[in-house]
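Here the working numbering is used: position 243 in the sequence shown is 232, and no number is missing along the way. Note that CB positions come from ideal geometry on N, CA and C, so glycine has one too. Quantities reported herein were computed from a predicted structural model and do not represent experimental measurements.
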Amino acid sequence: MKAAKRILGVAVGALMLGASSVAADTIKVGIIGPFSGPFALQGKNFQAGVEAYMALNGKSVKGHDIEVIYRDLPAANPAQSRALAQELVVKEKVQYLGGVYFTPDAMAITPLLTQANTPLVIFNAATSAIMTQSPLVVRTSFTTAQTTTPLGKIAAERGVKKVISAVSDYGPGVDAEVAFKKAFEAAGGKVVEAIRMPLNTNDFSPIMQRVRDSGADAVFAFLPSGPTTLGFVKAYNETGLKQAGIKFFAPGDLTQESDLPALGDAAVGLLTTFHYAVSHDSPENKRFVEAATKAIGSADQLSFPAVGAYDGMHVIYKMIEATEGKQDAQKAVDAVKGLSWTSPRGPVSIDSETRHITENIYLREVVKGPDGKTYNKEIQTFPNQKDPGLATQ
Ligand code: PHB
């Protein structure tokens, strides 16, 4: 308890005093995400995924009502992330934490979990190493190593010999750079230059100049989805690299569906690998897209964070079922190890060792549909991919 006091501060006392005032039949789930600012659409997708899940599966589990409490974290900010998680645990008395868009924010929460007796179900943050920080983390999104590894082989198979990589200089970018290089060079290619861009870079024309000057046949890129990815792909299209025949390979963060209208016809032909496309053809996805569209208000705004959130709620519901509503974080996490189900993205399971999701990774091409709108079309499947990330470090 002493250690708990040190970590959670004076508010632990309030937690203990307040515990009996929590209605036994309401279980609170705290969701942290970017609900305002430049990444607000990503947070909106978290909320749409949560609401879609509750609309389709009910708002109670075994007689326990579920109450979701949202907290806004507009940009990567570890100190604020930790403070919000503490506030949710101590003041709001949530039994589960979920959400978290950016890696540094997830890293800042993991040290609190054991003392707080609270699992964290990550809906997005995609650096492999997060899972090693606490036994109470489960993840329903993807890692950049997982989405990127098949791409190295694909690029080589398509005749690409030399690649320049350009990634955001933080966890998921570094993981993507390492995983792509490993897979591409194993298939006979060569990464001739590796650029790491500061996370706040928004003028990409100097990067495009370096791509052109490198003599590479293709660029591989990762940036976190949002205004940054839109800016990067626009710069690739507008600085003439595409016309010059320099190919483009990236994980699907760079062609998220909500960015496609703004990218227009210039996006047609872009190849990406990812765990989810809004166009995925299955009855589960049809149901999901319908419910999530209703929640978010417009089909054009739907993107991958919604499916991470939807499946994250599935995991949380299973945890609540297994613990009969009692707060027992380890029992809750143990209960979902090895859990498998059919997600809107396809068949998935929680790896019992890493607690990260095993899933298909799809190669997709941006194509124009009969309605004139562009979308990510799945053209090849790499089934049952675990996270290869920790092995590539
Ligand atoms: C992350 O910070 O882990 C992150 C954010 C957005 C993405 C992928 C990874 O699209």
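Note: Pro336 is bridge-paired with Thr331 in the DSSP secondary-structure output.
Only exposed fits Gly258, as fewer than 16 other CB atoms lie within 10 angstroms of its CB. For the pair Leu102 and Gly19, the CB atoms are not nearer than the 8 Å cut-off. Annotation: the region 66 to 98 contains the following complete segments of the beta strand (DSSP E) (minimum length 3 residues), in chain order: 85 to 88. Put simply, the region 74 to 89 does not touch the region 261 to 271. Fewer than three CB pairs are less than 8 Å apart. Burial is judged here by how many other beta carbons sit within 10 angstroms of a residue's own beta carbon; Ala68 has fewer than 16 and is exposed. With contacts defined by Cβ atoms closer than 8 Å, Asp94 and Thr132 do not form a contacting pair. Contact annotation: Ala145 and Ala183 have beta-carbon atoms that are not nearer than 8 Å. Near ligand 1, residues with a Cβ at less than 5 Å from any of the ligand's heavy atoms are Phe91, Thr92, Ala114, Ala115, Pro161, Pro213, Ser214, Asp242; the list follows chain order. Counting along the chain, Arg185 sits inside the beta strand (DSSP E) bounded by residues 179 to 186. For the set Val89, Ala324, Gln104, the Cα lying nearest the Cα of Pro294 is the one of Val89.
Scanning its chain for C-beta atoms nearer than 6 Å, with the 5 sequence neighbours on each side dropped, one finds around Ala288 the residues Thr282, in chain order.
The Cβ atoms of Ala29 and Ala284 lie no closer than 8 Å to each other. In chain order, Asn349, Tyr351 place their CB closer than 7 Å to the CB of Thr370, counting only its own chain and leaving out the 5 sequence neighbours on each side.
The region 55 to 69 makes no contact with the region 318 to 327: fewer than 3 CB pairs, one atom from each, lie closer than 8 Å. An exposed status is given to Ile368, since fewer than 16 other beta-carbon atoms sit within 10 Å of its beta-carbon. Fully enclosed alpha helix (DSSP H) runs of no fewer than 4 residues occupy 194 to 203, 216 to 227 of the region 168 to 228, in order along the chain.
Excluding its 5 nearest sequence neighbours in each direction, Leu45 has C-beta neighbours in its own chain below 6 Å: Ala280, listed in chain order. An exposed status is given to Thr331, since fewer than 16 other beta-carbon atoms sit within 10 Å of its beta-carbon. Lys366 sits close to Arg353, with the two beta carbons spaced by under 8 Å. Taking every protein chain shown into account, the CB of Lys236 has 16 or more other CB atoms within 10 angstroms, so this residue is buried.
Taking C-beta atoms as the reference points, Gly178 and Val200 fail to come closer than 8 Å.
Around the beta carbon of Glu342, a 10 Å sphere encloses fewer than 16 other beta carbons of the protein chains shown; the residue is thus reported as exposed.
Ranking Leu243, Pro250, Ile196 by CA distance to the CA of Gly229 puts Ile196 first. Around the C-beta of Lys33, 16 or more other C-beta atoms lie within 10 Å, and the residue is accordingly described as buried. Within the DSSP secondary-structure output, His53 pairs in a beta bridge with Val50.
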